[in-house]
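Novice: Before I ask anything, let me first share the structure, which is written out below as structure tokens.
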Amino acid sequence: GYISEFMNVFHGWYAQYFNKIHGRIGHLFEARYKNRIVDVNDYGVWLSRYIHRQPCEAGLVVDPEQYRWTSYRVYVGFEENPNLKMGVILNQFGARISTQRKAYRRFISGNDDGPIDWDATSASPEVIVGGDDFREAVNSELKRRINVERAIKNPLMSVSQLLEVSPGLLKKPRQG
Numbered sequence: 001g002y003i004s005e006f007m008n009v010f011h012g013w014y015a016q017y018f019n020k021i022h023g024r025i026g027h028l029f030e031a032r033y034k035n036r037i038v039d040v041n042d043y044g045v046w047l048s049r050y051i052h053r054q055p056c057e058a059g060l061v062v063d064p065e066q067y068r069w070t071s072y073r074v075y076v077g078f079e080e081n082p083n084l085k086m087g088v089i090l091n092q093f094g095a096r097i098s099t100q101r102k103a104y105r106r107f108i109s110g111n112d113d114g115p116i117d118w119d120a121t122s123a124s125p126e127v128i129v130g131g132d133d134f135r136e137a138v139n140s141e142l143k144r145r146i147n148v149e150r151a152i153k154n155p156l157m158s159v160s161q162l163l164e165v166s167p168g169l170l171k172k173p174r175q176g
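Counting from 1, position 35 in the sequence shown corresponds to residue 35 in our numbering; the numbering is continuous, with no gaps.
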């Protein structure tokens, strides 16, 4: 989508700018920006855990709360950020926010890596992360949106496809 396109352009622009300022060449980022469509109910909490544990896994900190560049401190209540919508994750840990935050901290500090290998997923070209039903529903919705966009851009082609006729047959004949 648009965010993905923007991030790719931004990464390229920023790398050029940084390289020019610092007199260097080459890539700044390990890999191109990637986005994934993730089934929040089955995989979202595990993706959240993976993201919040990365500073620990990389040896930058011992506890995720020591790392200020992720949203973990907001999730567990040490900081506030009204722009962050945590409900989709925290609601899976109980009804009250205090209960949710405690359970989330235990979840993040646990040893279970969950149902998916996020390192392998990040290297995979697969954009949709979830079960078969979820992937099928997302693919169906994406195809519907593409068809709507095509219909808006070229209504004559869309009507011809619906009627299963050549677009030329739908054009108004020239009068000479």
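In this text, a Cβ means the ideal position worked out from N, Cα and C, and glycines have one as well.
Keeping to the same chain, check which residues put their C-beta closer than 8 Å to that of histidine 52; ignore five residues upstream and five downstream.
Specialist: Answer for histidine 52: Pro64, Thr70, Ser71, Tyr72, Tyr75 and Ile108, listed in chain order.
Novice: Using three-state DSSP, classify valine 129 as helix, strand or coil.
Specialist: Correct three-state label for valine 129: strand.
Novice: As a quick exercise: from Asn111, Ala137 and Gly130, pick the residue whose alpha carbon is nearest that of glutamate 57.
Specialist: Comparing Cα positions, the closest option is Asn111.
Novice: Could you give the DSSP three-state label for valine 38: helix, strand or coil?
Specialist: In this structure, valine 38 counts as strand in the three-state DSSP scheme.
Novice: Quick check: the Cα distance between alanine 137 and glutamine 100, rounded to an integer number of angstroms?
Specialist: When rounded, the distance between both Cα atoms is 29 Å.
Novice: Could you tell me the distance, in whole angstroms, from the CA atom of arginine 49 to the CA atom of isoleucine 97?
Specialist: For arginine 49 and isoleucine 97, the distance between alpha carbons rounds to 18 Å.
Novice: Return the first residue and the last residue of the alpha helix (DSSP H) that threonine 99 is part of.
Specialist: Looking at the DSSP string, the run of the alpha helix (DSSP H) that includes threonine 99 is 97 to 109.
Novice: Determine the burial state of phenylalanine 78: buried for a count of at least 16 other Cβ atoms within 10 Å of its Cβ, exposed for fewer.
Specialist: Burial call: exposed.
Novice: Considering just the uninterrupted stretch of the alpha helix (DSSP H) at proline 55, what are its terminal residues?
Specialist: Run containing proline 55: 45 to 57, per the alpha helix (DSSP H) assignment.
Novice: Considering only the beta carbon of each residue, do glycine 130 and valine 61 sit closer than 9 Å?
Specialist: No.
Novice: Give the DSSP-derived three-state secondary structure of isoleucine 25 in the structure shown.
Specialist: Coil, per DSSP.
Novice: Go through its chain and collect everything with a Cβ distance to leucine 90's Cβ below 8 Å, but skip five positions before and after it.
Specialist: Tyr75, Ile97, Gln100, Arg101 and Tyr104, listed in sequence order.
Novice: Does the Cβ of valine 88 have 16 or more other Cβ atoms within 10 Å, making it buried, or fewer, making it exposed?
Specialist: Classification for valine 88: exposed.
Novice: By the DSSP assignment, the alpha helix (DSSP H) with leucine 90 in it spans what residues?
Specialist: Its alpha helix (DSSP H) spans residues 87 to 90.
Novice: What did DSSP end up calling serine 71 once you bin it into helix, strand or coil?
Specialist: Serine 71 falls in the coil class under three-state DSSP.
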